[in-house]
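Below: the structure, in structure tokens.
There are 2 protein chains.
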Amino acid sequence: MKTGESIDRFLTEALRGNTGSVQGWWRRKVEGVAALHLGFPDPAVFPLKELGESAKAVLEEEGLTALQYGGGPLAARLKEIITEWTQRAGRFPEGREMMLTMGSQQAIDLVCQLMLEPGAPVAVEAPTYMGFLTNARNYTQAFLSYPVDENGLVVDAMAGDLAARRRAGRPLPRFLYTIPNFHNPAGVTMSLDRRKALMALADEFDFLIVEDDAYGRLSFQPEPPPSLQALDDAERVIHVSTLSKIVAPGLRIAWVVAAPSIVKQLSRLNVASSGFLHGVVAHYCLRHGLDERVERLRDLYSRRCHLLLDLLEEHLPPGTPFTRPDGGFFVWLPLPDGVSAVRIYERGMVPNGVAVMPGQSAYADGQGDDHLRLSFSFAEPAEMERGVKLLSRLILDEMR
Amino acid sequence: MKTGESIDRFLTEALRGNTGSVQGWWRRKVEGVAALHLGFPDPAVFPLKELGESAKAVLEEEGLTALQYGGGPLAARLKEIITEWTQRAGRFPEGREMMLTMGSQQAIDLVCQLMLEPGAPVAVEAPTYMGFLTNARNYTQAFLSYPVDENGLVVDAMAGDLAARRRAGRPLPRFLYTIPNFHNPAGVTMSLDRRKALMALADEFDFLIVEDDAYGRLSFQPEPPPSLQALDDAERVIHVSTLSKIVAPGLRIAWVVAAPSIVKQLSRLNVASSGFLHGVVAHYCLRHGLDERVERLRDLYSRRCHLLLDLLEEHLPPGTPFTRPDGGFFVWLPLPDGVSAVRIYERGMVPNGVAVMPGQSAYADGQGDDHLRLSFSFAEPAEMERGVKLLSRLILDEMR
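These protein sequence lines are chains Y and A, in that order. With this note's numbering applied, the first sequence closes on residue 400, and no number is skipped along the way. With this note's numbering applied, the second sequence closes on residue 400, and no number is skipped along the way.
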């Protein structure tokens, strides 16, 4: 072996098959460019002082165990604290178990490792969360993409395809990855009828459902329908949620709620975690609770969302059918015929420009150059206004 | 699907093949039982006050980015700080790159995910670190075990087996997992001759080497030979190290140093990390450095090691050939003929008893009931003395 020689011969079949590039641009803030691309929470509302006090308290009160493998007594309580909080909101059906993970992204990786391998299909929404696609491509390249409309996943389209696959003797998906509430990037929420139809479909074609509910608590008005897991008599749903949008992403606190048989298998995998962080967050939750924060954030992001919608209304061509989300962080913007999302993205990334997420990264199959994802969670109002004005100018210019 | 129904049909082939149980006992401290089983650092030397100050400083100085995805400017400097520190110790050969991981255990998981799949063999020392076996079993069941003696891995034995495998057309290992310095659990250090022979063998049979150097900086006297990576002209070595034993495990700071082609592939995998923790540790390192701590820990663990050796000398049957480590945390203790490690373990786990690690968990193939691993890193001197006295009484009793 020599410097620069390919290491392909040592790689698994799954990884040799992954030729996609890893995109990092969507996590970078470029100075001076209006950040409508970042799916980040607003850092101005992070409870910095309180978390600093909790960090200090954990180290002072639990010195001998807080920094040891596994953490101390406070860390051990975090699961119970989050369980109680989610139960109180009716989001933890009987008979399920919880496992903590390092952010939702680790939860996603664990379910992929559990079920995906070369040739094993996985069903996704089109569009879907690009972080899921990037991750799942390390395990399989067999994506089954099903469309999303204003009521969420088009379950009939999925049903038709699965029936055809079964007739043709082709493999069915092991699971569907879905974001039923305030979809990333589509901004839509799955209707109750669709949720019920999806659960029936899962029974008919025997697949599991990974329900990513990163944004579920950040509803504006009205509340979303019951979670898929709440409608799930057969324990098919692996529910994933997180404090990243509620407290702060850097703490990497997320969790899976699923049938005990599934949690048992997931917990056999390598679950990187920091007992110290668990202790800090447990201390914070015990002292301050989470409910007041949630209320404050719903209010904040609702106002930001409406500001973005008003700006789009004002500056884009009349009748542009962007989504009007009931929660979450994102608006999904269809572009006029012939206008390329990648071109808009590229033209926007200049000094004093505007950063947007081109739609293609949200599709398994290269569609999506006709959409942009806009985030209202991160940019301050003035930055947002500047960004939308620049964006609409770019779009109008491209239409010429 | 019904409650309690098997989920095997959704699992990957690799995970369906893993029928081993996950052992957790070796990470638990049982009140009142002398803890000679725990491979934990002594928490009395964790820099609690300093880390508390660093946590507070990071939150105060970098409020808007410290808790965001990816972390702030201090977090971004951690890799450079550790790179500089390892380079200064001659542990970072030219042309390699570093990647941070959530503890060594995540690094191990990533290299397993990169290279192991059903049917792909992996070479291990016998005995080896049980955490590696537990992890690797999620990817393959094909372990090739090669013996360890007082000079480390018996490279000749590995050479003979690989030659036979090649003649028989059987697959060669994708990598060897080895702990050349202050082996866990065997306590031995690989000699320079063996290291050179191993590097030649890797070239001959075209495998990579995962060098786990969790304990390398904690040498007593003399210094261990150069790392395998320092002897590696062909960029075959993936070097793994950690601050878990130097600062504190709960911070989960570890790293991989390897060829750029390997780091590039590893970084495509899901690397859970906390920018906040990176920031805290970077701040701590910039303010306090690591060298004084290392000196202090070498002294502490050296004294503990010699105490354990003296106690074993005093209480065990004369001539018992336990290892005399030059660093690290562990002594490997062969039991008299017919004495079972599992029985000693079970009999020890009573109130006021003694906890030890039975050897079997360190072998891929069920050997090892004739050895115990004893740790000198965690128990206080009085606890250690009580533990060794109890242990020797149990051993003598089992010999009757």
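For each residue, glycine too, the CB sits at the ideal point set by N, CA and C.
* Does the region 245 to 259 of chain Y come within contact of the region 365 to 376 of chain Y, defined as at least 3 CB pairs closer than 8 Å? -> no
* Go ahead and pull the three-state DSSP assignment for A:Leu67. => coil
* To do: Step through the CB atoms of chain A and report whether any lies within less than 8 Å of the CB of Y:Glu117.
  => yes
* **Amino acids of chain Y, ordered along the chain, whose beta-carbon sits closer than 7 Å to that of A:Phe376** => Ordered by position in chain Y, no residue passes the 7 Å Cβ test against A:Phe376, which lies about 17 Å from the chain.
* Asked: By Cβ distance below 6 Å, which residues in the same chain neighbour A:Tyr473 in space, the five residues on each side in sequence not counted?
  -> Missing from the structure shown is residue 473 of chain A; chain A here goes from 1 to 400 and no further.
* Under 8 Å by Cβ, that's how I've got A:Leu243 and A:Val281 pegged, so tell me the actual separation to the nearest angstrom. => 7 Å
* Asked: Which one of Y:Ala34, Y:Ala76, Y:Phe40 has the shortest CA to CA distance from Y:Pro185?
  -> Y:Phe40
* **N- and C-terminal bounds of the alpha helix (DSSP H) containing A:His155** => Checking the displayed sequence, the identity of residue 155 of chain A turns out to be Val instead of His. Residues 155 to 167.
* Classify Y:Gly95 as buried or exposed, calling it buried when 16 or more other Cβ atoms lie within 10 Å of its own Cβ. => exposed
* **chain Y contacts made by the region 60 to 85 of chain A, where a contact means CB separation under 8 Å** => Residues of the region 60 to 85 of chain A with a C-beta atom less than 8 Å from some C-beta of chain Y are Glu60, Gly63, Leu64, Thr65, Ala66, Leu67, Gln68, Tyr69, Gly70, Gly71, listed in chain order.
* Could you pull out every residue in the same chain whose Cβ sits closer than 6 Å to the Cβ of A:Met158, ignoring the five residues on either side in sequence? => Tyr146
* Asked: With a CB to CB cut of under 7 Å and the five nearest residues on each side skipped, what residues in its chain are close to Y:Trp85?
  -> Leu290
* Asked: Using the beta-carbon of each residue, which ones in chain Y are nearer than 8 Å to A:Arg268?
  -> The answer, in chain order, is Leu15, Asn18, Val22, Asn138.
* Cβ distance (whole Å) where Y:Pro118 is taken to contact Y:Ala14 below 8 Å -> 5 Å
* **Proximal chain Y residues relative to A:Gln221, where beta-carbon distance stays under 9 Å** => Per Cβ cutoff of 9 Å: no residues; A:Gln221 is ~28 Å from chain Y at best.
* Count the other C-beta atoms from every protein chain shown that fall within 10 angstroms of the C-beta of A:Asp245, then say buried if there are 16 or more, exposed otherwise. => The amino acid occupying residue 245 of chain A in the given sequence is Lys; Asp does not appear at that position. With 16 or more Cβ atoms within 10 Å of its Cβ, A:Lys245 is classed as buried.
* To do: Run down chain A in chain order and give the residues with a C-beta less than 7 Å from the C-beta of Y:Ile262.
  => Here the neighbours are Ile7.
* To do: Please name the residues in the region 94 to 115 of chain A whose beta-carbon is closer than 7 Å to at least one beta-carbon of chain Y, in chain order.
  => Gly95, Met102, Gly103, Gln105, Gln106, Asp109, Leu114, Met115
* Closer than 7 Å: A:Leu36 CB and nearest the ligand SAM heavy atom -> No copy of the ligand SAM occurs in the structure displayed, which carries no ligand at all.
* Closer than 8 Å to chain Y by CB, A:Arg170 -> no
* Asked: Helix or strand or just coil, what does DSSP make of A:Met357?
  -> In the structure shown, A:Met357 adopts extended strand secondary structure according to DSSP, grouped into three states.
* With 8 Å as the threshold, decide whether the Cβ of A:Leu48 is near any Cβ in chain Y. => yes
* Asked: Could you give the distance in angstroms between the alpha-carbon of Y:Gln106 and the alpha-carbon of Y:Met98?
  -> 14 Å
* To do: Counting only runs of 3+ residues fully inside the region 241 to 284 of chain Y, write out the beta strand (DSSP E) ranges in chain order.
  => 253 to 258
* Nearest-angstrom Cα separation, counted from Y:Ile108 out to Y:Asn151 -> 24 Å
* Consider the Cβ of A:Pro431: report whether some Cβ of chain Y lies at a distance smaller than 8 Å. => Lying before the first or after the last residue shown, residue 431 of chain A is absent from chain A, which here runs from 1 to 400.
* What does Y:Phe205 touch in chain A if you count any residue whose Cβ is under 7 Å from its own? -> Simply none; closest approach about 12 Å.
* Any chain A beta carbon closer than 8 Å to Y:Gly52 -> yes
* Proximal residues of chain Y, C-beta to C-beta of A:Pro43 below 9 Å -> Within 9 Å Cβ-Cβ: Gly63, Leu64, Thr65, Ala66, Leu67, Gln68.
* Classification of Y:Thr19 by the beta-carbon crowding that lies within 10 angstroms, buried from 16 upward -> Using a 10 angstroms sphere on the CB of Y:Thr19, the tally of other CB atoms stays under 16, which defines it as exposed.
* To do: Output, in chain order, the set of chain Y residues within a Cβ distance shorter than 9 Å of A:Asn184.
  => Those within 9 Å of A:Asn184 in chain Y number zero; the least Cβ separation is about 14 Å.
* Could you have a look at Y:His371 and say whether DSSP puts it in helix, strand or coil? => strand
* Asked: Hey, quick one: how far does the alpha helix (DSSP H) through Y:Ile81 stretch, first residue to last?
  -> 73 to 88
* Under the assumption that Y:Ala197 contacts Y:Val155 (Cβ atoms under 8 Å), give the Cβ distance between them as a whole number of angstroms. => 4 Å
* Alpha carbon of A:Glu223 to alpha carbon of A:Asn135, nearest angstrom -> 30 Å
* List the residues of chain Y whose Cβ lies closer than 7 Å to the Cβ of A:Asn135, in chain order. => Asn270
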